[in-house]
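J.: Each residue of the sequence shown is one higher than the one before, starting from 1 at the first, in our numbering.
Where a beta carbon is used, it is the ideal one built from N, C-alpha and C, also for glycine.
Every value quoted in this text rests on a predicted model; they were computed, and no experiment measured them.
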Amino acid sequence: NQDKSYRHGEAQNVMLGVFELLGESDSLTQAYRQSLAL
1 NQDKSYRHGE AQNVMLGVFE LLGESDSLTQ AYRQSLAL
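See below:
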């Protein structure tokens, strides 16, 4: 199980930034948001 607070959530913040750049309608954003439950 991964520690979601690892490095004060830096990885999560980076992923959220990537999702924002790709846009909500991008298939990668949709797939990874679901699998990561963000």
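Spatial neighbours of L45 within its chain, please: CB distance less than 7 Å, with the 5 preceding and 5 following residues excluded, ordered by chain position.
T.: What the structure shows of the chain is the stretch from 1 to 38, and residue 45 is not part of that stretch, so it cannot be assessed.
J.: Using C-beta distances below 6 Å, list every residue in its chain close to D3, excluding the 5 sequence neighbours before and after it, in chain order.
T.: Once the five neighbours on either side are set aside, D3 has no close Cβ partner at all.
J.: For the alpha helix (DSSP H) containing S35, list its first residue and its last residue.
T.: It spans S27 to L36 - the alpha helix (DSSP H) in which S35 sits, taken as one unbroken run.
J.: Confirm, please, whether the CB-CB distance from F19 to R33 is below 8 Å.
T.: Yes, they are a contact pair.
J.: In terms of residue numbering, what span does the alpha helix (DSSP H) encompassing E24 cover?
T.: From DSSP, E24 is part of no alpha helix (DSSP H); its letter is neither H nor E.
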